[in-house]
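Undergrad: Structure in structure tokens, see below.
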Amino acid sequence: MLRFDRATHTGEIVIQVPQASSILKKYRIDFCCGGNRPIGQVLDEKNLNSEDILEQLNTLALVSQAPQEDKDWTQASYHETINHILQTHHTYLSQQLPEISPYVTKILRVHGSDRPELEELHTLFHKLKKELEDHTKKEEELIFPAILEYESSPTPERLAKLRDGIYELENEHEGAGHILFRMREITKDYTPPEGACMTYQLTFKKLEELETDTFAHVHLENYILFPRVLNAK
0 MLRFDRATHT GEIVIQVPQA SSILKKYRID FCCGGNRPIG QVLDEKNLNS
50 EDILEQLNTL ALVSQAPQED KDWTQASYHE TINHILQTHH TYLSQQLPEI
100 SPYVTKILRV HGSDRPELEE LHTLFHKLKK ELEDHTKKEE ELIFPAILEY
150 ESSPTPERLA KLRDGIYELE NEHEGAGHIL FRMREITKDY TPPEGACMTY
200 QLTFKKLEEL ETDTFAHVHL ENYILFPRVL NAK
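Residue numbers (numbering that gives the first Met the number 0): 0 to 232.
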């Protein structure tokens, strides 16, 4: 029976039970760029009740062991995994980043005088937007084709060529994670102020959905696709 304890790394928890990401996000526990840390240590640093949170995670793990239709990406080919990333996460970003931008700008223009945090939110979002657009372009034009080339004809030379590119992407993931955690902090977990207009509420909803998708995207690359490539024999 699958069971997590204080020594289980946060990234491993989400690999085993993807739905656990919602619990970890609730407590602002990093399972992406900081996913190689034991959850007990992280909970202690945040002064959180480790017994209670581990119980929540293990209850979810128990439920998740019922038959699932979710794809096991640890067993998928590089080609399948990359296609999923492109069709699911890159498509989402290409559609949503331009759509969210005017909403963030509008709530700053209309409510910024009363809500000074919206100026920082506007700056952070547009920094994130630019970074994610550049990042996905690099993946699509350079890294993913190189991974597929390596999959079809693995050689030490091709793997060595991939390493620096993958490490660079992982560093960019970390930067995006920092921005997202700050956005969540200044929006008080994407809680609109009392009496907020529909545009304000919709903007926060879209930003939280962006966070969810980006964390899932980063997790799939950092903890499944990239390690499988780098550790291939």
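Idealized CB from N, CA, C, for every residue including glycine. Just so it is clear, the structure is predicted and the values come from calculations on it, not from any experiment.
Which runs of the alpha helix (DSSP H) fall wholly inside the region 73-112 and span at least 4 residues, in chain order?
TA: Complete alpha helix (DSSP H) runs here, min 4: 77-83, 90-110.
Undergrad: Give me the DSSP bridge partner(s) of H218.
TA: Position 219 of the sequence shown, counted from the start, is the residue given in the question as residue 218. Bridge partners of H218: none, in fact.
Undergrad: How many angstroms separate the CA atom of T80 from the CA atom of R227?
TA: Locating residue 80 in the sequence shown gives position 81, where the first residue counts as 1. Locating residue 227 in the sequence shown gives position 228, where the first residue counts as 1. For T80 and R227, the distance between alpha carbons rounds to 11 Å.
Undergrad: Might you give, ordered along the chain, the residues of its own chain that have their beta carbon closer than 6 Å to the beta carbon of G176, omitting 5 neighbours on each side?
TA: Translated into the one-based positions of the sequence shown, residue 176 becomes position 177. Within the same chain, G176 has close Cβ partners C31, C32.
Undergrad: Restricting to runs no shorter than 4 residues, where is the alpha helix (DSSP H) found entirely within the region 8-42?
TA: Qualifying alpha helix (DSSP H) stretches, in chain order: 9-15, 20-25.
Undergrad: So, are the CB atoms of R114 and P192 less than 8 Å apart?
TA: Along the sequence shown, one-based indexing puts residue 114 at 115. Along the sequence shown, one-based indexing puts residue 192 at 193. Against a cut-off of 8 Å, the Cβ pair of P192 and R114 comes out as a contact.
Undergrad: Would you call the region 211-227 in contact with the region 86-101, where contact means no fewer than 3 C-beta pairs closer than 8 Å?
TA: With a cut-off of 8 Å, the region 86-101 and the region 211-227 count as touching, because enough Cβ pairs lie within range.
Undergrad: Where do the N-terminal and C-terminal ends of the alpha helix (DSSP H) with E118 fall, by residue?
TA: Within the sequence shown, residue 118 is the residue found at index 119, counting from 1. Note, E118: alpha helix (DSSP H), 116-137.
Undergrad: Just to confirm before moving on: does the CB-CB distance between E169 and N230 stay below 8 Å?
TA: For the purposes of this step, residue 169 is taken as the residue at position 170 of the sequence shown. For the purposes of this step, residue 230 is taken as the residue at position 231 of the sequence shown. Not closer than 8 Å, so no.
Undergrad: Taking all protein chains shown into account, do 16 or more other C-beta atoms lie within 10 angstroms of the C-beta of L56, making it buried, or fewer, making it exposed?
TA: Counting from one through the sequence shown, the residue named residue 56 turns up at place 57. Classification for L56: buried.
Undergrad: Contact check, H218 vs V13 under 8 Å by CB: the rounded distance?
TA: Position 219 of the sequence shown, counting from 1, holds the residue named residue 218. Position 14 of the sequence shown, counting from 1, holds the residue named residue 13. At roughly 6 Å, the Cβ-Cβ gap stays under 8 Å, so H218 and V13 are in contact.
Undergrad: Taking the C-alpha atoms as reference points, what is the distance between Y77 and F225?
TA: Position 78 of the sequence shown holds residue 77. Position 226 of the sequence shown holds residue 225. Each residue's alpha carbon lies about 9 Å from the other.
Undergrad: By a C-beta neighbour count over all protein chains shown, 10 Å radius and 16 as the cutoff for buried, is M197 buried or exposed?
TA: Within the sequence shown, the letter at position 198 stands for residue 197. M197 should be labelled exposed.
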